[in-house]
Amino acid sequence: MATMESLIGLVNRIQRACTVLGDYGGDGGSLWEALPSVAVVGGQSSGKSSVLESIVGRDFLPRGSGIVTRRPLVLQLHKTESGSEYAEFLHTPRRKYTDFAAVRKEIADETDRITGKTKQISNVPIHLSIYSPHVVNLTLIDLPGLTKVAVEGQPESIVRDIEDMVRSYVEKPNCIILAISPANQDIATSDAIKLAREVDPTGERTFGVVTKLDLMDKGTNALDVLEGRSYRLQHPWVGIVNRSQADINKNVDMIAARRKEQEYFATSPDYGHLAHKMGSEYLAKLLSKHLESVIRQRIPSIISLINKTIDELEAELDRLGRPIGADGGAQLYTILEMCRAFDRIFKEHLDGGRPGGDRIYGVFDNQLPAALKKLPFDRHLSLQNVKKVISEADGYQPHLIAPEQGYRRLIDSSLGYFRGPAEASVDAVHFVLKELVRKSIGETEELKRFPTLQSDIAAASNEALERFRDEGRKTVLRLVEMESTYLTVEFFRKLSQEPDKGQAPGSTPNSQAPDRYGDSHLRRIGSNVNAYVAMVCDTLRNTIPKAIVHCQVREAKRSLLNQFYAHVGSREKKQLSAMLDEDPSLMEKRNAIAKRLELYKSARHEIDSVAWNDKLN
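Using the numbering used here, you'd call the opening residue of the sequence shown number 116 and step up by one each time.
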């Protein structure tokens, strides 16, 4: 299974890709909205900035009075193995910041670039990535602090504008809410909790954080809040002790501040019993673990939306026009050479020279047996159902010796269950082959300049794979039908020679006529049918993979592009030129789209690996 680090890192990359494509939020943000993230919500002076800096372990956020955060800050934390720490902004991708004072200045400057040196706000986010061995993998969105009144230089609508912006993030079902409330304020009046309660009434998405515990009046504490008595959430409340203003003025580093925070909880008579669940370090790990869990739950919807985005990008590439051409013979030779290069890579995936072909064996060795094991034969061959089927088969005249028609109906209906696993195995192998085609096209360097030809090859390959799948489906269903069409008589002859376990000692098989609808008789019928079905199951477990490999895998290796070759060979020069046409004026745009597409393809590949590993486990 994928690690927490790879899952959250994967989402970070997709989020960056969304931003590059301009589909962050709003009408075009469906992909972004499907990706879980943590929105940090709190009123002004709630300690929100201090919490973020404690999680990161660095001073990097602008400080001051009034509204300091005037644009959303999408903060992606990446845990590294090395000791170096640095930051990168999406709007300055070629620059690494090792001085976090410069990071603070850049946040302020970038804010002013959009809002001007005023107290206005903007919903255009700043994207910042921090790489450090002292952080956990996490994506946080720092939002402007909620306020109750407008100050000088701000429009009267600022209170509503900020709330609307914050609400636009936290009302999304995939948003995890980090609600920051100061301990020296009544939790009932907390702006963050009030908003969280409105958009998440069950508290399933909300993590409550209480700051400034050390600033409470002497003799008071926040235990009622931290232990969930004042306001209960689905997740535990976490207490935080921020750096004091004196510490900030003295430039006390965050590592020392974390130690001081841990010491405070460990030695506190009020919070000592909760010390292991308090502090910024615990909060970061708690959020990272929960984010990983949410991401794993959302994998199917994320895959669907990524595929949709890839289709849109592929379509855009197809519209851009394509490559170069000389005479018709040279163009045809170029196309065929690139097809052979693709075909060679595709075969390497199947034969083991490149990864991917082993997933086909996984279908046969894991998915098919598991599907066969889950078939509902226990229910289908229950005493009640056996009696029902036997009675219906007998009609108005009960069977005389053995209920042959009942046997046949029970066997036929039982064998029908094998159709599902058989077809599912065909589809699973078809999916693997399609993915290998996609990967092979992406790994064929010669094709990267010619998106039209990529599309043609992909379409031809997928069309061929569809034919192979249809033939594979017909064959495996034919195997199931063959088992139903002609039963193995010898199996039942052997059964007829075995004495009934309920037969009295010394009696002949016919000396006691069993009750045709008695439980013992029906139970033996069900047992016989089940034994026969088990025999057929063992046979199909071996023959279905053979049929699939013969009809799908072997044919994909032998004749994936045969029809495409014949079709290309009959094309005129003008048609070949269209396949290889490349407009130099569009090269820059094509390269930019190709980079975006590669991001999404890489994400899809990793998500596919996660989904596949989860199925196997």
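Think of the CB as a built atom: it goes at the ideal place given N, C-alpha and C, for glycine as much as any other residue.
From a predicted model like this one, the values you see are computed outputs, not experimental measurements.
| Check | Outcome |
| --- | --- |
| Minimum length 3: unbroken beta strand (DSSP E) runs contained in the region 356-416 | none |
| Beta-carbon proximity of LEU150 to ASN289, cut-off 8 Å | yes |
| Stretch pair the region 292-306 + the region 412-423: three plus CB contacts closer than 8 Å | no |
| Sufficient close CB pairs (3 or more, under 8 Å) joining the region 159-173 to the region 320-340 | yes |
| Buried versus exposed, by CB contacts within 10 Å (16 or more), MET107 | With the chain represented from 116 up to 732, any question about residue 107 goes unanswered, as that position is not in the structure. |
| Length-filtered (4 minimum) alpha helix (DSSP H) runs lying within the region 285-343 | 306-314, 338-341 |
| Beta carbon proximity, GLY444 to chain B, threshold 8 Å | Of the protein chains in the structure, only one exists, and it is not chain B. |
| Three-state class that DSSP yields for SER724 in the structure shown | helix |
| Range covered by the alpha helix (DSSP H) that runs through ASP542 | 534-558 |
| CA-to-CA distance, LEU176 to THR213, given in whole angstroms | 14 Å |
| With 16 other Cβ atoms within 10 Å as the buried cut-off, status of VAL189 | buried |
| Bridge partner(s) assigned by DSSP for ILE256 | ALA154, VAL189 |
| For VAL547 and LYS661, the rounded distance between their alpha carbons | 16 Å |
| Whole-Å CB distance - PRO518 paired with ILE505, under 8 Å assumed | 5 Å |
| Selection from ASP542, GLY158, ILE292 that minimises the alpha carbon distance to LEU483 | ASP542 |
| Three-state class that DSSP yields for SER497 in the structure shown | coil |
| Length of the line joining the Cα atoms of ILE170 and ASP426 | 38 Å |
| Extent of the continuous alpha helix (DSSP H) run through HIS682 | 677-684 |
| Alpha carbon of GLY531 to alpha carbon of ASP480, nearest angstrom | 22 Å |
| Top-ranked residue by Cα proximity to PRO187, from ASN500, ALA381, ASN238 | ASN238 |
| Endpoints, the alpha helix (DSSP H) within which ILE236 is located | Premise fails: ILE236 is in no alpha helix (DSSP H) and is neither H nor E. |
| Reduced DSSP category for PRO484 - H, G, I as helix; E, B as strand; rest coil | helix |
| Extent of the continuous beta strand (DSSP E) to which LYS211 belongs | 207-212 |
| Contact under 8 Å by Cβ, ALA294 with LEU328 | no |
| Straight-line Cα distance separating ALA371 from LEU551 | 51 Å |
| LYS462 versus VAL183: straight-line alpha-carbon distance, rounded | 58 Å |
| Rounded Cβ spacing between GLY471 and LYS404 (contact assumed at less than 8 Å) | Contact flag wrong, Cβ pair sits at about 31 Å. |
| First through last residue of the beta strand (DSSP E) which encompasses LEU243 | 241-247 |
| Close beta carbons around GLU586, own chain, < 6 Å, minus the five adjacent residues each side | CYS666 |
| Local conformation of LEU176 per DSSP, three classes | coil |
| Nearest neighbour of HIS105, chosen from GLY354, ILE722, ALA671, ILE277 [CA to CA] | Because the chain spans 116 through 732 in this model, residue 105 falls outside it and cannot be assessed. |
| At least 3 beta-carbon pairs within less than 8 Å: the region 589-607 vs the region 669-687 | no |
| Own chain residues within Cβ distance below 6 Å of ALA456, not counting five before or after | THR559, GLU561 |
| Backbone CA spacing between GLU721 and LYS563 [nearest angstrom] | 21 Å |
| LYS689 versus LEU432 - alpha carbon distance | 20 Å |
| Residue range of the unbroken beta strand (DSSP E) whose run includes TYR201 | 201-204 |
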